[in-house]
Amino acid sequence: MDFFLAMLPILLSIIGMIFFYRSGAFVSVVGWILALILAVYYFHTPWEVALGASLIGIIKALGITLAITFTMFLIFLMKETGALGKIIEYIKGIAKDKEEQTLFLGMGFGSLSTSLGMVTPAMFPPIFRMLGFSSISAIAISILCYDPLTSFALFSIPITVPAEVAFKVFHIQPAGIENLQEFIWDFTFKITTFLPPLSISFAFIMLWVVGGKEAIVKHWKPALGSGLVLSLSALTMAWLRILPVEVIGIFSGFLTMLFVNVYYRSKNNYINKVKINKEIFKAFLPFFLLILFSTVVNIPSVKNFLSNILGSYEIIRVFADKKEDLNIMANVWFWILVVSIISIFILKPSLDTMKRVLKIWSTRIGGPFIAHSLFFAVAFIMAWSGMEVIDGKLVPGPYFKEYNMNIIIAFTLANLFGQAYPLVVPFIGLIGAFVGGSETASNVLFAKIQWETTLFTLGAPAFMWIFAAHAVGGGIASAITPSKITNAAATIGVSGKEEGKFIKIVLIPILIITFITGFILMLYLKIFG
Numbered sequence: 003m004d005f006f007l008a009m010l011p012i013l014l015s016i017i018g019m020i021f022f023y024r025s026g027a028f029v030s031v032v033g034w035i036l037a038l039i040l041a042v043y044y045f046h047t048p049w050e051v052a053l054g055a056s057l058i059g060i061i062k063a064l065g066i067t068l069a070i071t072f073t074m075f076l077i078f079l080m081k082e083t084g085a086l087g088k089i090i091e092y093i094k095g096i097a098k099d100k101e102e103q104t105l106f107l108g109m110g111f112g113s114l115s116t117s118l119g120m121v122t123p124a125m126f127p128p129i130f131r132m133l134g135f136s137s138i139s140a141i142a143i144s145i146l147c148y149d150p151l152t153s154f155a156l157f158s159i160p161i162t163v164p165a166e167v168a169f170k171v172f173h174i175q176p177a178g179i180e181n182l183q184e185f186i187w188d189f190t191f192k193i194t195t196f197l198p199p200l201s202i203s204f205a206f207i208m209l210w211v212v213g214g215k216e217a218i219v220k221h222w223k224p225a226l227g228s229g230l231v232l233s234l235s236a237l238t239m240a241w242l243r244i245l246p247v248e249v250i251g252i253f254s255g256f257l258t259m260l261f262v263n264v265y266y267r268s269k270n271n272y273i274n275k276v277k278i279n280k281e282i283f284k285a286f287l288p289f290f291l292l293i294l295f296s297t298v299v300n301i302p303s304v305k306n307f308l309s310n311i312l313g314s315y316e317i318i319r320v321f322a323d324k325k326e327d328l329n330i331m332a333n334v335w336f337w338i339l340v341v342s343i344i345s346i347f348i349l350k351p352s353l354d355t356m357k358r359v360l361k362i363w364s365t366r367i368g369g370p371f372i373a374h375s376l377f378f379a380v381a382f383i384m385a386w387s388g389m390e391v392i393d394g395k396l397v398p399g400p401y402f403k404e405y406n407m408n409i410i411i412a413f414t415l416a417n418l419f420g421q422a423y424p425l426v427v428p429f430i431g432l433i434g435a436f437v438g439g440s441e442t443a444s445n446v447l448f449a450k451i452q453w454e455t456t457l458f459t460l461g462a463p464a465f466m467w468i469f470a471a472h473a474v475g476g477g478i479a480s481a482i483t484p485s486k487i488t489n490a491a492a493t494i495g496v497s498g499k500e501e502g503k504f505i506k507i508v509l510i511p512i513l514i515i516t517f518i519t520g521f522i523l524m525l526y527l528k529i530f531g
């Protein structure tokens, strides 16, 4: 019963979207209310802790919700001023049919954009709709392109931040790992060893959503090749440590774009006839600026400088002893806002055009903002269930181990599967990211739990493999995360029905891929210990 109730907010979210075609925003509200009630009245959590967890979750989500908000403004501005139309025509000159566009944009540019911190569910759907894709296909590719590299989004934050928390905050120090940098590199390499079958699988899923069996039969070679180029290049760079972890995804995405373009040029024996003129350059300029700013801002020395500009002015006390550093100027959402403002002067919309942009933007940002915020709130309610405030500090209560929802989920599965626990590790990552809306949140919130569960079931030497598989499962979850689905649907003006149809299409393949990850983990543990 404990396990069932701990899982209930997640289960109701999935059921609401698949069977009742409710939007991600709607199920996030239901899930949040249910999580509050369960945490307080069943899992021995004081109201102040449950509400404090909600507030922390909403603030933690700001890095994502504000990035989505300003990305949507930028994409609507580009669409209404005609810049997006010019970009579409240029893309058509490079990638001729839908399958090629799927692999070029989805596998290649999507992976590169995700690695740079661009919000593809907010940016890509209008592009694919203007290319002639159905609303379901536009949603699908925009979300699925988050997944082929699983953990390298946003300059590899899902890798570096959880590694730092695990090593420095939770004091998790597996044998043979003596410093944080070694932890990060080992974590990164082990994640990339899972990628080849996963990247290939996502290439085929994209084709299947776009053109069904016929598209797969006709384009299996470039799909296979793009998956291999994307994954093996990342694996090689992680193994040789020839580039910083933060830029591996960028280079892998670029190499994949190059492969797809060269493959279709040689196969079809035609030459790109498109040229970059002044109007095309102007249309692409917001994207160029976004790439430039994202790259520069994430240079460690620049990032540290920007982080310290506002100092204590951006640190707020939220609840009990919990403080949050908003880190405004070093956050990607701030620079998306800057690019959006600059783009107004570049694209020069008329007053009527600007009014249309603001009207569309204001009517569509609510759903994604609510969904991301409240799913983050649910994640922290689950993580803090069974805790209480004593002398102004948040600490585990007397019932913490028995009633913490995350511990219940992890240890129930560990007891149920025993030595076969690795099979379900990626599913725990999937659950964490599904609720939190982010692989980073899943990796952080479950790092300590996975460490203790690994000690309980397999022993300390297995932890880095376990943690890597958990991270990969969290990355896979992006394909079914309600907050991302709602985000993608909102940018093209659709909602519940399309969201439900999409999750129906991809749910079984995603669960299969997650199981394959667990199976690979079992093999790695037998081979490498």
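Residue 131 in the working numbering sits at position 129 of the sequence shown, and the numbers go up by one each step. Don't be surprised by glycine CBs; every beta carbon is placed ideally from N, CA and C. Fair warning: this is a prediction, and the values are worked out from it, not measured in the lab.
Problem set entry | P123 and I145 closer than 8 Å at C-beta | The residue you call residue 123 lines up with position 121 of the sequence shown. The residue you call residue 145 lines up with position 143 of the sequence shown. Result yes, Cβ atoms of P123 and I145 sit closer than 8 Å.
Exercise. Are at least three pairs of beta-carbons, each pair with one atom in the region 24-32 and one in the region 484-495, less than 8 Å apart?
Worked result: yes
Exercise. How far does the beta strand (DSSP E) with F321 in it reach, from first residue to last?
Worked result: In the sequence shown, counting from the first residue as 1, residue 321 sits at position 319. Per DSSP, F321 belongs to the beta strand (DSSP E) from I317 to F321.
Problem set entry | Top-ranked residue by Cα proximity to F517, from E454, A462, P428 and W453 | Counting from one through the sequence shown, the residue named residue 517 turns up at place 515. Cα-wise, what sits closest to F517 is P428.
Problem set entry | Paired residues, beta bridge with V397 - DSSP | Position 395 of the sequence shown, counted from the start, is the residue given in the question as residue 397. In DSSP, V397 forms a bridge with E390.
Exercise. Hey, out of I179, V426, A52 and F78, whose CA is closest to A492's CA?
Worked result: Mapped onto the sequence shown, residue 492 falls at position 490. Comparing Cα-Cα distances from A492 to each of I179, V426, A52 and F78, the minimum goes to F78.
For this session: Enumerate in chain order the residues of its own chain whose CB-to-CB distance from G227 is below 7 Å, with the five nearest sequence positions on each side excluded.
Result: Within the sequence shown, the letter at position 225 stands for residue 227. So the list reads F261 and Y265, once near-sequence residues are dropped.
Exercise. Using a threshold of 7 Å, is the CB atom of S235 nearer than that to any non-hydrogen atom of the ligand NAP?
Worked result: In the structure on display, the ligand NAP does not appear, and there are no ligands present to speak of.
Exercise. Any idea if P302 is buried or exposed, counting beta-carbon neighbours within 10 angstroms, 16 or more meaning buried?
Worked result: Here residue 302 refers to the residue found at position 300 when the sequence shown is read from its first residue. With fewer than 16 Cβ atoms within 10 Å of its Cβ, P302 is classed as exposed.
Exercise. In terms of DSSP beta bridges, what is K324 paired with?
Worked result: On the sequence shown, position 322 is the one that residue 324 refers to. Answer is F321.
Exercise. Who are the near neighbours of F206 in its chain, counting only those whose CB is closer than 7 Å to its CB and skipping five residues on each side?
Worked result: One-based indexing of the sequence shown puts residue 206 at position 204. I218 and A225.
Exercise. Between L10 and L36, is the Cβ-Cβ spacing less than 8 Å?
Worked result: Residue numbering aside, residue 10 sits at position 8 when the sequence shown is read from its first letter. Residue numbering aside, residue 36 sits at position 34 when the sequence shown is read from its first letter. Yes.
Exercise. What is the residue span of the alpha helix (DSSP H) that G87 lies within?
Worked result: If you number the sequence shown from 1, residue 87 lands on position 85. Where G87 is concerned, the enclosing alpha helix (DSSP H) stretches over A85 to I96.
Exercise. According to DSSP, is G59 helix, strand or coil?
Worked result: Mapped onto the sequence shown, residue 59 falls at position 57. Three-state DSSP puts G59 in a helix.
Problem set entry | Three-way DSSP call (helix, strand, coil) for Q175 in this model | If you number the sequence shown from 1, residue 175 lands on position 173. Coil at Q175, not helix or strand.
Problem set entry | With 16 other Cβ atoms within 10 Å as the buried cut-off, status of T365 | As a position in the sequence shown, residue 365 is number 363, starting the count at 1. T365 comes out exposed.
Exercise. How close, in whole Å, do the beta carbons of I141 and I193 come, if the pair is a contact with beta carbons under 8 Å?
Worked result: Residue numbering aside, residue 141 sits at position 139 when the sequence shown is read from its first letter. Residue numbering aside, residue 193 sits at position 191 when the sequence shown is read from its first letter. The pair is not a contact, with the Cβ atoms about 26 Å apart (cut-off 8 Å).
Exercise. Got a sec, what are the start and stop residues for the alpha helix (DSSP H) P11 sits in?
Worked result: Counting from 1 along the sequence shown, the entry for residue 11 is found at position 9. First-last of the alpha helix (DSSP H) with P11: D4 to I20.
Exercise. Leaving out the 5 sequence neighbours to the left and right, which residues in its chain are closer than 7 Å to D323 when beta-carbon positions are compared?
Worked result: Taking the sequence shown and counting its residues from 1, one reaches residue 323 at position 321. Cβ neighbours of D323 beyond the five flanking positions: G394, K395 and L396.
For this session: Report the residue ranges of all beta strand (DSSP E) runs contained in full by the region 103-131; include only those spanning at least 3 residues, in chain order.
Result: none
Exercise. Just how far apart, CA to CA, sit L432 and N406?
Worked result: Here the question's residue 432 lines up with position 430 in the sequence shown. Here the question's residue 406 lines up with position 404 in the sequence shown. So the alpha carbons of these two residues sit roughly 18 Å apart.
Exercise. Nearest to R131 by alpha carbon, out of V496, I529 and I60?
Worked result: Walking along the sequence shown from the start, residue 131 turns up at place 129. Of the candidates V496, I529 and I60, the one whose C-alpha sits nearest the C-alpha of R131 is V496.
Exercise. Using 8 Å as the threshold, is the region 372-384 in touch with the region 311-325, meaning 3 or more CB pairs across them?
Worked result: no
Exercise. Count the other CB atoms within 10 Å of the CB of A236; is the residue buried (16 or more) or exposed (fewer)?
Worked result: Numbered from 1 along the sequence shown, position 234 holds the residue referred to as residue 236. Buried, by the Cβ-count rule.
For this session: Give me the Cα-Cα distance between W34 and V437, rounded to the nearest whole angstrom.
Result: For the purposes of this step, residue 34 is taken as the residue at position 32 of the sequence shown. For the purposes of this step, residue 437 is taken as the residue at position 435 of the sequence shown. Roughly 10 Å between the two C-alpha positions.
Exercise. Looking only at its own chain, which residues have a Cβ that is under 6 Å from the Cβ of M239, when we skip the five neighbours before and after it?
Worked result: Residue numbering aside, residue 239 sits at position 237 when the sequence shown is read from its first letter. Around M239: L245 and I250.
Exercise. Whose C-alpha, out of K62, T83 and Y44, is nearest the C-alpha of D354?
Worked result: To locate residue 354, count along the sequence shown from 1; it is residue 352. For the residues K62, T83 and Y44, the minimum Cα distance to D354 belongs to T83.
Exercise. Do the region 454-474 and the region 92-102 touch if we need at least three Cβ pairs shorter than 8 Å?
Worked result: no
For this session: Note down, in chain order, each residue of its chain lying with its Cβ closer than 6 Å to the Cβ of E102, except the 5 sequence neighbours on either side.
Result: Taking the first residue of the sequence shown as 1, we reach residue 102 at position 100. Closer than 6 Å at the Cβ level, and outside the excluded window around E102, lie Y266.
Exercise. Q452: buried (16+ other C-beta within 10 angstroms of its C-beta) or exposed?
Worked result: By 1-based counting over the sequence shown, the position of residue 452 is 450. Buried.
Exercise. Distance, Cα to Cα, V380 vs I282?
Worked result: If you number the sequence shown from 1, residue 380 lands on position 378. If you number the sequence shown from 1, residue 282 lands on position 280. Their backbone Cα atoms lie some 44 Å apart in a straight line.
For this session: Helix, strand or coil for R243, going by three-state DSSP, please let me know.
Result: On the sequence shown, residue 243 is found 241 positions in, with the first residue counted as 1. Residue state, collapsed to three classes: coil.
Exercise. Starting from E166 and walking both ways along the alpha helix (DSSP H), at which residues does that stretch end?
Worked result: As a first step, residue 166 is located in the sequence shown; it is residue number 164 there, counting from the start. Note, E166: alpha helix (DSSP H), A155 to E166.
Exercise. How far does the alpha helix (DSSP H) with D99 in it reach, from first residue to last?
Worked result: Along the sequence shown, read from residue 1 onward, the residue named residue 99 stands at position 97. Unbroken run through D99: none, as it is neither H nor E.
Exercise. Taking the runs of the alpha helix (DSSP H) that are 4 residues or longer, which of them lie wholly in the region 295-381?
Worked result: 302-311, 334-349 and 353-366
Problem set entry | Member of N417, L68, S203 and Y423 whose CA lies at the smallest distance from the CA of M1 | No statement about residue 1 is possible, as the shown extent of the chain runs from 3 to 531 and does not include it.
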